[in-house]
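Visitor: By our numbering, the letter at position 70 of the sequence shown is numbered 1161, and the numbering carries on one by one without gaps. Backbone N, C-alpha and C define an ideal beta-carbon position, used for all residues, glycine too. Take this structure first; my questions come after.
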Amino acid sequence: MKFTVAIDGPAAAGKGTISKAVAAHFGFAHLDTGLLYRAVGAKVLGGANAVDAAEMLMPADLEAGNLRTAEVAEAASKVAAIPEVRRALVEFQQSFARRSGGAVLDGRDIGTVICPEAEVKLFVTATPEVRAQRRLLELQASGSETTFDEVLADVLARDARDAGRADAPMKVAEDAVLIDTSEMEIADAVDAALAEVERRRDLA
Ligand code: C5P
């Protein structure tokens, strides 16, 4: 069975939690496509050329320990604006999406560019302030002393870069279901996503 769930949206909207929950519930494989760009970004911070790094990326590179930092996120969103970098990563994502047994991919352009034929498309979003507050709590929990204003500025800069780039900008696919988690408990957002996947699976 081939069944693809595309989950797009900005940082800290709840995409990761929803994607993992959908994958676990239905027994689908999950790919966090942001990790591909983060792995390339981390290599560029280490002195590599972005396009070479993308073309030579290995699955083991996604396991590197430092990929979740704010510095790597920023480097990721810069390399993600380079068309050759994006092109080098398309085939891996598309073959993951069509593996048998079902797949969930989360990112920015999954429903629009990588898998326009996905059986389910969700766009998970929340206001920048709510997302910055969530990210601040995560960063504080891991010992960072950053402030709300700094995190909000990072969130806004990354949104602008991701939505404003010419190649595969972050945008809501025409046929995506929007889930706005600004005033929602994450458990309710997960339930809404599960219900949508269930509905489409019954139709498939
Ligand atoms: O989702 P995450 O925050 O890990 O993504 C890091 C960066 O990678 C994003 O800010 C975005 O620039 C880029 N990205 C992308 N396309 C995707 C996934 C991530 O451009 N499908």
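Taking 7 angstroms as the cut-off, does the CB of residue 1098 come closer than this to any heavy atom belonging to the ligand C5P?
Guide: For the purposes of this step, residue 1098 is taken as the residue at position 7 of the sequence shown. Outside the cutoff, so no.
Visitor: Tell me where the alpha helix (DSSP H) around residue 1117 begins and ends.
Guide: Within the sequence shown, residue 1117 is the residue found at index 26, counting from 1. For residue 1117, the enclosing alpha helix (DSSP H) starts and ends at 1106-1117.
Visitor: Which one of 1151, 1198, 1204, 1165 has the shortest CA to CA distance from residue 1111?
Guide: The residue you call residue 1111 lines up with position 20 of the sequence shown. Selected option, being the one with the closest Cα: 1198.
Visitor: So does residue 1201 have its beta carbon nearer than 7 angstroms to some heavy atom of the ligand C5P?
Guide: Taking the sequence shown and counting its residues from 1, the one referred to as residue 1201 is at position 110. Indeed, a heavy atom of the ligand C5P lies less than 7 angstroms from the Cβ.
Visitor: Please specify which runs of the beta strand (DSSP E), each continuous and at least 3 residues long, are wholly inside the segment 1181-1262, giving them in chain order.
Guide: Taken in chain order, the unbroken stretches of beta strand (DSSP E) that lie wholly in the segment 1181-1262 and span 3 residues or more are 1194-1198, 1211-1216.
Visitor: Look up residue 1099 in the DSSP assignment and give the residues it is bridged to.
Guide: On the sequence shown, position 8 is the one that residue 1099 refers to. For residue 1099, which the question treats as bridged, DSSP gives the partners 1198, 1214.
Visitor: Run the CB neighbour count on residue 1231, radius 10 Å, all protein chains shown included, and call it buried at 16 or more, exposed below.
Guide: Your numbering for residue 1231 matches position 140 in the sequence shown. By the neighbour-count rule (16 or more Cβ atoms within 10 Å), residue 1231 is not buried but exposed.
Visitor: Is it true that the segment 1220-1227 meets the segment 1142-1154, where meeting means three or more beta-carbon pairs spaced less than 8 angstroms apart?
Guide: no
Visitor: Quick one: measure Cβ to Cβ for residue 1130 and residue 1148, integer angstroms, because I've assumed they're closer than 8 angstroms.
Guide: Here the question's residue 1130 lines up with position 39 in the sequence shown. Here the question's residue 1148 lines up with position 57 in the sequence shown. Rounded, the Cβ-Cβ distance is 6 angstroms, consistent with contact.
Visitor: Which first and last residues belong to the alpha helix (DSSP H) in which residue 1136 is found?
Guide: The residue given as residue 1136 occupies position 45 in the sequence shown. Per DSSP, residue 1136 is one residue of the alpha helix (DSSP H) stretching across 1125-1136.
Visitor: Taking only the alpha-carbon atoms, compute the straight-line gap between residue 1140 and residue 1229 and give it to the nearest angstrom.
Guide: Numbered from 1 along the sequence shown, position 49 holds the residue referred to as residue 1140. Numbered from 1 along the sequence shown, position 138 holds the residue referred to as residue 1229. Cα to Cα, residue 1140 sits roughly 31 angstroms from residue 1229.
Visitor: Could you work out which residue in 1133, 1185, 1184 is closest to residue 1163 when comparing CA atoms only?
Guide: Indexing the sequence shown from 1 puts residue 1163 at position 72. Among 1133, 1185, 1184, the Cα nearest to that of residue 1163 belongs to 1133.
Visitor: The ligand C5P and residue 1124: does the residue's C-beta get closer than 7 angstroms to at least one heavy atom of that ligand?
Guide: Translated into the one-based positions of the sequence shown, residue 1124 becomes position 33. Residue 1124 Cβ: within cutoff of the ligand C5P.
Visitor: Does the segment 1258-1270 come close enough to the segment 1206-1218 that 3 or more CB-CB pairs lie under 8 angstroms?
Guide: Under the three-pair Cβ rule at 8 angstroms, the segment 1206-1218 counts as touching the segment 1258-1270.
Visitor: From residue 1218 to residue 1237, what distance separates their C-alpha atoms?
Guide: Stepping through the sequence shown from its first residue, residue 1218 is reached at position 127. Stepping through the sequence shown from its first residue, residue 1237 is reached at position 146. Looking at the two C-alpha atoms, the distance is approximately 20 angstroms.
Visitor: Is residue 1253 near the ligand C5P, judged by its Cβ being under 7 angstroms from some heavy atom?
Guide: In the sequence shown, residue 1253 corresponds to position 162, counting from 1. Answer for residue 1253: yes, Cβ within range of the ligand C5P.
Visitor: Report the option in 1094, 1144, 1126 whose CA atom is closest to the CA atom of residue 1120.
Guide: Translated into positions along the sequence shown, residue 1120 becomes position 29. Taking only the C-alpha atoms, the option nearest residue 1120 is 1094.
Visitor: DSSP beta-bridge partners for residue 1120?
Guide: Residue numbering aside, residue 1120 sits at position 29 when the sequence shown is read from its first letter. Paired residue(s): 1194.
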